[in-house]
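Worksheet: one structure, shown below.
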Amino acid sequence: MSSTDCSENDVPDERTCFRLCNEFAELTQTDSACGHFFLQNCSWDLSVAVSYFLDKNHAQFVDDSSPAGTPKRFSLLSWNIDGLDPHSVKSRASAVADIILELVCALDLIGRASFGCCRTMPTAVFLQEVVEENLLVLREKLSSDYEELSRETPCNYFTKTFLHRNSAYCEATQVVPFEESRMGRDMMVAQVTLFGEVQCCLVNAHLESGRQYSEVRKKQLSTAFSLMHAADSSVNIFFGGDLNLRDHEIQTVPEGIVDLWRANGSPAGEKYTWDSTKNDNIASKGVAGKSYRPRCRFDRIYMKHSTPRLMTPTEFKLVGKRVIRSSLCYPSDHFGILCCFQLL
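By the count of UniProt numbering, the sequence shown reaches residue 344 at its end, each step adding exactly one.
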(Lines of atoms letter the chains of each structure in order from A and count residues from 1; the text may use other names and numbers.)
(Lines give C-alpha, C1' and ligand atoms only; values in the text may rest on other atoms or scores of the structure.)
Protein backbone atom coordinates (compact mmCIF):
# COMPACT_ATOMS: atom_id res chain seq x y z
CA MET A 1 0.00 0.00 0.00
CA SER A 2 1.06 3.59 -0.54
CA SER A 3 -0.38 6.97 0.24
CA THR A 4 -1.40 7.28 -3.39
CA ASP A 5 -4.12 4.71 -2.74
CA CYS A 6 -6.11 7.40 -0.94
CA SER A 7 -7.46 10.35 -2.95
CA GLU A 8 -8.41 13.71 -1.48
CA ASN A 9 -12.07 12.76 -1.87
CA ASP A 10 -11.52 9.85 0.52
CA VAL A 11 -10.26 12.05 3.36
CA PRO A 12 -12.95 12.74 5.98
CA ASP A 13 -13.31 16.04 7.81
CA GLU A 14 -10.76 17.05 10.45
CA ARG A 15 -12.93 16.03 13.40
CA THR A 16 -13.55 12.56 11.96
CA CYS A 17 -9.83 12.13 11.19
CA PHE A 18 -8.98 13.00 14.79
CA ARG A 19 -11.54 10.51 16.13
CA LEU A 20 -10.37 7.70 13.83
CA CYS A 21 -6.71 8.26 14.72
CA ASN A 22 -7.52 8.08 18.42
CA GLU A 23 -9.65 4.95 17.97
CA PHE A 24 -6.84 3.30 16.00
CA ALA A 25 -4.40 4.18 18.79
CA GLU A 26 -6.69 2.64 21.43
CA LEU A 27 -7.30 -0.53 19.43
CA THR A 28 -3.65 -1.13 18.59
CA GLN A 29 -2.09 0.35 21.74
CA THR A 30 0.02 2.70 19.60
CA ASP A 31 -0.48 6.44 19.11
CA SER A 32 -2.46 8.79 16.87
CA ALA A 33 0.52 9.48 14.59
CA CYS A 34 0.76 5.77 13.82
CA GLY A 35 -2.99 5.78 13.30
CA HIS A 36 -2.75 8.63 10.81
CA PHE A 37 -0.08 6.77 8.83
CA PHE A 38 -2.08 3.56 8.50
CA LEU A 39 -5.48 5.22 8.05
CA GLN A 40 -4.39 7.47 5.19
CA ASN A 41 -3.03 4.43 3.40
CA CYS A 42 -6.31 2.55 3.88
CA SER A 43 -8.75 5.21 2.65
CA TRP A 44 -9.55 6.08 6.27
CA ASP A 45 -11.26 2.73 6.79
CA LEU A 46 -10.57 1.87 10.45
CA SER A 47 -11.23 -1.84 10.02
CA VAL A 48 -8.84 -2.16 7.07
CA ALA A 49 -6.18 -0.03 8.78
CA VAL A 50 -6.22 -2.14 11.95
CA SER A 51 -6.09 -5.35 9.94
CA TYR A 52 -3.16 -4.03 7.89
CA PHE A 53 -1.35 -2.99 11.08
CA LEU A 54 -1.84 -6.45 12.60
CA ASP A 55 -0.49 -8.11 9.48
CA LYS A 56 2.53 -5.84 9.35
CA ASN A 57 3.40 -6.12 13.01
CA HIS A 58 2.21 -9.63 13.85
CA ALA A 59 0.26 -8.01 16.69
CA GLN A 60 -1.60 -10.08 19.21
CA PHE A 61 -5.36 -9.87 19.13
CA VAL A 62 -8.23 -11.57 20.90
CA ASP A 63 -9.60 -14.74 19.30
CA ASP A 64 -11.81 -17.65 20.31
CA SER A 65 -8.83 -19.51 21.77
CA SER A 66 -8.21 -16.76 24.32
CA PRO A 67 -7.82 -17.78 27.99
CA ALA A 68 -10.84 -18.78 30.01
CA GLY A 69 -12.80 -15.78 31.19
CA THR A 70 -12.52 -13.83 27.93
CA PRO A 71 -16.09 -13.11 26.79
CA LYS A 72 -17.45 -14.81 23.70
CA ARG A 73 -18.53 -12.61 20.83
CA PHE A 74 -21.35 -12.67 18.32
CA SER A 75 -21.31 -10.60 15.15
CA LEU A 76 -23.91 -10.19 12.43
CA LEU A 77 -23.27 -8.79 8.94
CA SER A 78 -26.11 -7.73 6.64
CA TRP A 79 -25.47 -6.69 3.04
CA ASN A 80 -27.43 -6.20 -0.16
CA ILE A 81 -24.79 -7.34 -2.66
CA ASP A 82 -26.61 -6.04 -5.75
CA GLY A 83 -26.70 -9.21 -7.79
CA LEU A 84 -29.21 -7.66 -10.18
CA ASP A 85 -26.52 -5.34 -11.53
CA PRO A 86 -24.76 -7.35 -14.28
CA HIS A 87 -21.59 -5.23 -14.05
CA SER A 88 -18.65 -7.21 -12.62
CA VAL A 89 -20.93 -9.62 -10.74
CA LYS A 90 -18.24 -12.21 -10.06
CA SER A 91 -15.47 -9.82 -9.05
CA ARG A 92 -17.85 -7.95 -6.76
CA ALA A 93 -19.00 -11.21 -5.15
CA SER A 94 -15.38 -12.22 -4.68
CA ALA A 95 -14.70 -8.90 -2.93
CA VAL A 96 -17.72 -9.43 -0.67
CA ALA A 97 -16.41 -12.86 0.33
CA ASP A 98 -12.93 -11.48 1.00
CA ILE A 99 -14.35 -8.77 3.24
CA ILE A 100 -16.36 -11.34 5.20
CA LEU A 101 -13.24 -13.43 5.78
CA GLU A 102 -11.03 -10.49 6.81
CA LEU A 103 -13.24 -8.39 9.08
CA VAL A 104 -11.85 -6.83 12.24
CA CYS A 105 -14.09 -5.88 15.16
CA ALA A 106 -13.46 -3.67 18.13
CA LEU A 107 -13.84 -5.47 21.44
CA ASP A 108 -14.71 -3.66 24.62
CA LEU A 109 -14.08 -6.02 27.52
CA ILE A 110 -16.95 -4.91 29.70
CA GLY A 111 -16.08 -4.59 33.36
CA ARG A 112 -12.36 -4.73 32.59
CA ALA A 113 -9.70 -2.13 32.02
CA SER A 114 -8.72 -3.43 28.59
CA PHE A 115 -9.99 -2.47 25.18
CA GLY A 116 -8.80 -4.28 22.09
CA CYS A 117 -9.61 -5.67 18.70
CA CYS A 118 -10.19 -9.06 17.20
CA ARG A 119 -10.05 -10.44 13.73
CA THR A 120 -13.22 -12.47 13.60
CA MET A 121 -15.40 -13.58 10.75
CA PRO A 122 -19.08 -12.71 11.34
CA THR A 123 -21.02 -15.38 13.18
CA ALA A 124 -23.98 -14.88 10.86
CA VAL A 125 -24.27 -13.23 7.46
CA PHE A 126 -27.48 -11.89 5.92
CA LEU A 127 -27.21 -11.30 2.17
CA GLN A 128 -29.85 -9.82 -0.11
CA GLU A 129 -30.07 -9.69 -3.92
CA VAL A 130 -28.21 -12.95 -4.28
CA VAL A 131 -28.39 -14.52 -7.75
CA GLU A 132 -27.07 -17.84 -9.01
CA GLU A 133 -24.00 -16.23 -10.60
CA ASN A 134 -22.70 -14.55 -7.46
CA LEU A 135 -23.81 -17.43 -5.23
CA LEU A 136 -21.37 -19.76 -7.02
CA VAL A 137 -18.50 -17.42 -6.12
CA LEU A 138 -19.65 -17.09 -2.51
CA ARG A 139 -19.91 -20.86 -2.13
CA GLU A 140 -16.42 -21.40 -3.49
CA LYS A 141 -14.82 -18.90 -1.11
CA LEU A 142 -16.94 -19.32 2.03
CA SER A 143 -17.86 -23.01 2.18
CA SER A 144 -14.92 -24.09 4.35
CA ASP A 145 -15.85 -21.60 7.09
CA TYR A 146 -19.59 -21.13 6.62
CA GLU A 147 -22.71 -23.23 6.40
CA GLU A 148 -25.09 -21.99 3.72
CA LEU A 149 -28.69 -22.31 4.86
CA SER A 150 -30.75 -23.90 2.11
CA ARG A 151 -33.98 -22.40 0.85
CA GLU A 152 -36.34 -22.47 -2.12
CA THR A 153 -35.70 -19.72 -4.65
CA PRO A 154 -38.94 -18.96 -6.51
CA CYS A 155 -37.55 -15.62 -7.72
CA ASN A 156 -34.43 -14.93 -9.83
CA TYR A 157 -32.92 -13.12 -6.82
CA PHE A 158 -33.26 -13.98 -3.16
CA THR A 159 -31.94 -13.67 0.40
CA LYS A 160 -29.26 -16.01 1.73
CA THR A 161 -28.07 -16.62 5.28
CA PHE A 162 -24.66 -18.08 6.18
CA LEU A 163 -23.57 -19.30 9.63
CA HIS A 164 -20.00 -19.68 10.84
CA ARG A 165 -19.37 -23.38 11.36
CA ASN A 166 -17.45 -23.04 14.63
CA SER A 167 -19.88 -20.71 16.40
CA ALA A 168 -23.46 -21.35 15.31
CA TYR A 169 -25.70 -24.34 14.72
CA CYS A 170 -28.97 -24.10 12.81
CA GLU A 171 -31.90 -25.97 14.34
CA ALA A 172 -34.55 -25.10 11.73
CA THR A 173 -35.32 -22.69 8.88
CA GLN A 174 -38.44 -21.29 7.30
CA VAL A 175 -39.08 -18.89 4.42
CA VAL A 176 -42.02 -16.56 5.09
CA PRO A 177 -43.28 -14.84 1.91
CA PHE A 178 -44.77 -11.36 2.15
CA GLU A 179 -48.29 -11.91 0.83
CA GLU A 180 -48.72 -8.53 -0.88
CA SER A 181 -45.24 -8.35 -2.39
CA ARG A 182 -45.05 -7.65 -6.11
CA MET A 183 -41.31 -8.30 -6.11
CA GLY A 184 -41.11 -11.79 -4.60
CA ARG A 185 -39.87 -10.45 -1.27
CA ASP A 186 -39.77 -12.61 1.86
CA MET A 187 -38.17 -13.28 5.24
CA MET A 188 -35.76 -16.14 5.78
CA VAL A 189 -36.10 -17.24 9.41
CA ALA A 190 -33.50 -19.41 11.14
CA GLN A 191 -33.56 -20.85 14.66
CA VAL A 192 -29.94 -20.91 15.77
CA THR A 193 -27.87 -21.91 18.80
CA LEU A 194 -24.68 -19.94 19.48
CA PHE A 195 -21.74 -21.66 21.19
CA GLY A 196 -24.06 -24.51 22.16
CA GLU A 197 -25.98 -22.40 24.67
CA VAL A 198 -27.48 -19.11 23.42
CA GLN A 199 -30.77 -19.35 21.51
CA CYS A 200 -31.32 -16.89 18.66
CA CYS A 201 -33.85 -16.32 15.91
CA LEU A 202 -32.28 -14.75 12.81
CA VAL A 203 -34.63 -13.05 10.34
CA ASN A 204 -33.06 -12.01 7.03
CA ALA A 205 -35.42 -9.84 4.98
CA HIS A 206 -35.68 -7.74 1.85
CA LEU A 207 -38.63 -5.36 1.97
CA GLU A 208 -40.41 -3.82 -1.01
CA SER A 209 -38.44 -1.22 -2.98
CA GLY A 210 -39.48 2.20 -4.23
CA ARG A 211 -41.36 5.20 -2.89
CA GLN A 212 -44.58 4.07 -4.54
CA TYR A 213 -44.65 0.93 -2.39
CA SER A 214 -44.33 2.70 0.95
CA GLU A 215 -47.59 1.32 2.36
CA VAL A 216 -46.74 -2.24 1.32
CA ARG A 217 -43.31 -1.86 2.90
CA LYS A 218 -44.78 -0.61 6.18
CA LYS A 219 -47.10 -3.63 6.31
CA GLN A 220 -44.13 -5.92 5.74
CA LEU A 221 -42.26 -4.20 8.56
CA SER A 222 -45.27 -4.64 10.85
CA THR A 223 -45.35 -8.35 9.98
CA ALA A 224 -41.70 -8.70 10.97
CA PHE A 225 -42.17 -6.82 14.24
CA SER A 226 -45.15 -9.07 15.06
CA LEU A 227 -42.97 -12.12 14.48
CA MET A 228 -40.39 -10.68 16.89
CA HIS A 229 -42.96 -10.03 19.60
CA ALA A 230 -44.44 -13.53 19.24
CA ALA A 231 -41.12 -15.26 19.91
CA ASP A 232 -40.28 -16.84 23.25
CA SER A 233 -38.74 -14.43 25.76
CA SER A 234 -35.71 -16.70 26.20
CA VAL A 235 -34.66 -16.14 22.59
CA ASN A 236 -32.60 -13.26 21.16
CA ILE A 237 -34.22 -12.12 17.91
CA PHE A 238 -32.45 -10.28 15.11
CA PHE A 239 -34.40 -8.89 12.16
CA GLY A 240 -32.53 -7.07 9.44
CA GLY A 241 -31.56 -6.67 5.84
CA ASP A 242 -32.29 -4.24 3.04
CA LEU A 243 -35.49 -2.83 4.49
CA ASN A 244 -35.68 0.09 2.02
CA LEU A 245 -37.03 2.25 4.85
CA ARG A 246 -37.28 6.01 4.72
CA ASP A 247 -37.06 7.67 8.14
CA HIS A 248 -40.60 9.07 7.91
CA GLU A 249 -41.96 5.54 7.49
CA ILE A 250 -40.92 4.52 10.99
CA GLN A 251 -41.18 7.27 13.57
CA THR A 252 -41.04 4.93 16.57
CA VAL A 253 -39.95 1.35 17.18
CA PRO A 254 -42.28 -0.98 19.13
CA GLU A 255 -41.50 -1.38 22.81
CA GLY A 256 -38.91 -4.04 23.50
CA ILE A 257 -37.31 -3.77 20.05
CA VAL A 258 -34.12 -1.78 19.49
CA ASP A 259 -32.57 -0.27 16.37
CA LEU A 260 -28.94 -1.39 16.64
CA TRP A 261 -27.56 1.71 14.93
CA ARG A 262 -29.20 3.79 17.64
CA ALA A 263 -28.22 1.33 20.37
CA ASN A 264 -24.60 1.95 19.41
CA GLY A 265 -24.89 5.72 19.78
CA SER A 266 -26.20 6.63 16.29
CA PRO A 267 -22.70 7.12 14.82
CA ALA A 268 -23.08 9.72 12.06
CA GLY A 269 -20.34 8.23 9.89
CA GLU A 270 -22.03 4.81 9.91
CA LYS A 271 -25.56 5.97 9.09
CA TYR A 272 -26.12 5.91 5.34
CA THR A 273 -25.89 2.47 3.77
CA TRP A 274 -26.97 3.69 0.32
CA ASP A 275 -24.99 6.86 -0.27
CA SER A 276 -24.50 8.42 -3.69
CA THR A 277 -22.08 10.99 -2.22
CA LYS A 278 -19.62 8.16 -1.49
CA ASN A 279 -20.58 5.22 -3.70
CA ASP A 280 -20.12 5.68 -7.45
CA ASN A 281 -22.03 2.48 -8.24
CA ILE A 282 -25.25 4.42 -7.61
CA ALA A 283 -24.38 7.22 -10.04
CA SER A 284 -23.44 4.67 -12.71
CA LYS A 285 -27.07 3.50 -12.70
CA GLY A 286 -28.34 6.99 -13.48
CA VAL A 287 -30.04 7.29 -10.08
CA ALA A 288 -27.92 10.25 -9.00
CA GLY A 289 -26.26 13.20 -10.69
CA LYS A 290 -24.25 16.32 -9.90
CA SER A 291 -27.29 18.17 -8.57
CA TYR A 292 -29.00 15.17 -6.96
CA ARG A 293 -26.99 13.04 -4.54
CA PRO A 294 -29.42 11.00 -2.41
CA ARG A 295 -28.39 8.95 0.61
CA CYS A 296 -30.57 6.76 2.79
CA ARG A 297 -30.38 4.35 5.73
CA PHE A 298 -32.05 1.56 3.77
CA ASP A 299 -30.26 -1.27 5.57
CA ARG A 300 -31.05 -1.79 9.25
CA ILE A 301 -30.90 -4.43 11.97
CA TYR A 302 -33.40 -4.58 14.83
CA MET A 303 -33.05 -6.72 17.95
CA LYS A 304 -35.29 -8.00 20.72
CA HIS A 305 -33.21 -9.09 23.71
CA SER A 306 -33.87 -12.29 25.59
CA THR A 307 -34.96 -12.26 29.23
CA PRO A 308 -32.56 -12.26 30.99
CA ARG A 309 -30.24 -10.38 28.65
CA LEU A 310 -27.42 -12.54 27.38
CA MET A 311 -25.49 -10.11 25.17
CA THR A 312 -24.79 -6.43 24.71
CA PRO A 313 -23.91 -4.48 21.53
CA THR A 314 -20.33 -3.22 21.31
CA GLU A 315 -19.93 -1.90 17.76
CA PHE A 316 -21.84 -0.88 14.63
CA LYS A 317 -20.03 -0.04 11.41
CA LEU A 318 -20.33 0.00 7.63
CA VAL A 319 -18.23 -2.26 5.41
CA GLY A 320 -17.48 -2.39 1.70
CA LYS A 321 -16.40 1.23 1.43
CA ARG A 322 -13.34 0.68 -0.76
CA VAL A 323 -13.19 0.44 -4.55
CA ILE A 324 -12.21 -2.89 -6.09
CA ARG A 325 -9.07 -2.12 -8.05
CA SER A 326 -9.57 -4.78 -10.71
CA SER A 327 -13.04 -3.55 -11.70
CA LEU A 328 -12.94 0.09 -10.48
CA CYS A 329 -16.24 -0.17 -8.65
CA TYR A 330 -17.51 -0.86 -5.15
CA PRO A 331 -18.59 -4.37 -4.10
CA SER A 332 -22.22 -3.17 -4.13
CA ASP A 333 -24.30 -0.03 -4.42
CA HIS A 334 -25.07 -0.64 -0.72
CA PHE A 335 -22.57 -0.67 2.11
CA GLY A 336 -22.87 -3.63 4.45
CA ILE A 337 -23.62 -3.22 8.16
CA LEU A 338 -21.72 -5.12 10.82
CA CYS A 339 -23.02 -5.39 14.39
CA CYS A 340 -20.79 -6.85 17.12
CA PHE A 341 -21.89 -8.12 20.53
CA GLN A 342 -20.31 -9.39 23.69
CA LEU A 343 -21.99 -12.31 25.43
CA LEU A 344 -22.58 -11.68 29.11
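The C-beta atom is built at its ideal place from N, Cα and C for all residues, glycine as well.
Measuring C-alpha to C-alpha distances from LEU260 to each of LYS141, THR173 and TYR302 identifies TYR302 as the nearest. Cβ atoms of ASP299 and ASP242 come within 8 Å of each other, at about 5 Å.
One alpha carbon belongs to ASP31, the other to PHE24, and they sit about 8 Å apart. With fewer than 16 other CB atoms across the displayed protein chains lying within 10 angstroms of its CB, THR252 is exposed. Contact annotation: ILE99 and VAL287 have beta-carbon atoms that are not nearer than 8 Å. A straight-line Cα-Cα distance of about 25 Å links GLU270 and LEU344.
No Cβ-Cβ contact shorter than 8 Å links GLY35 with LEU54. The beta carbon of HIS206 sits closer than 6 Å to those of GLN128, THR159, ARG185, GLY241 and ASP242, all from its chain and outside the five residues before and after it, given in chain order. The shortest CA-to-CA distance from VAL96 to any of HIS87, PRO86 and LEU142 is the one to LEU142. Runs of beta strand (DSSP E) with 3 or more residues, each lying fully within the region 176-246, are found at 186-194, 198-206 and 236-242, listed in chain order. GLN342 and THR307 do not touch by the CB rule: their CB atoms are close to 18 Å apart, not below 8 Å. The alpha-carbon separation between ASN166 and SER75 amounts to approximately 13 Å. Annotation: LEU149 is outside any alpha helix (DSSP H) and is labelled neither H nor E by DSSP. Looking only at LYS278, SER327, PRO331 and ASP247, the smallest Cα-Cα distance to TRP44 is reached by LYS278. Cβ atoms of ARG73 and THR120 come within 8 Å of each other, at about 6 Å. With respect to the C-alpha of HIS305, the residue from ASP85, CYS200, GLU249 and GLU140 having the closest C-alpha is CYS200.
Taking the Cβ atoms as the reference, VAL203 lies roughly 18 Å from GLU180, outside the contact range of under 8 Å. The shortest C-alpha to C-alpha distance from PRO267 to any of SER78, SER332 and LYS317 is the one to LYS317.
The continuous beta strand (DSSP E) containing ASN80 extends over residues 73-80. Closest option to HIS164, judged by alpha-carbon separation, among ILE237, ARG151 and VAL125: VAL125. Annotation: the continuous beta strand (DSSP E) that includes GLN128 extends over 124-130. With a 10 Å radius around the Cβ and a threshold of 16 neighbouring Cβ atoms, ARG246 comes out exposed. In this chain, the beta strand (DSSP E) harbouring CYS340 covers 336-343. Ranked by how close their Cα comes to the Cα of LEU77, the residues LEU101, ALA230, CYS170 and GLN191 have LEU101 in first place. Residue state for THR16 is assigned as helix, using DSSP reduced to three classes.
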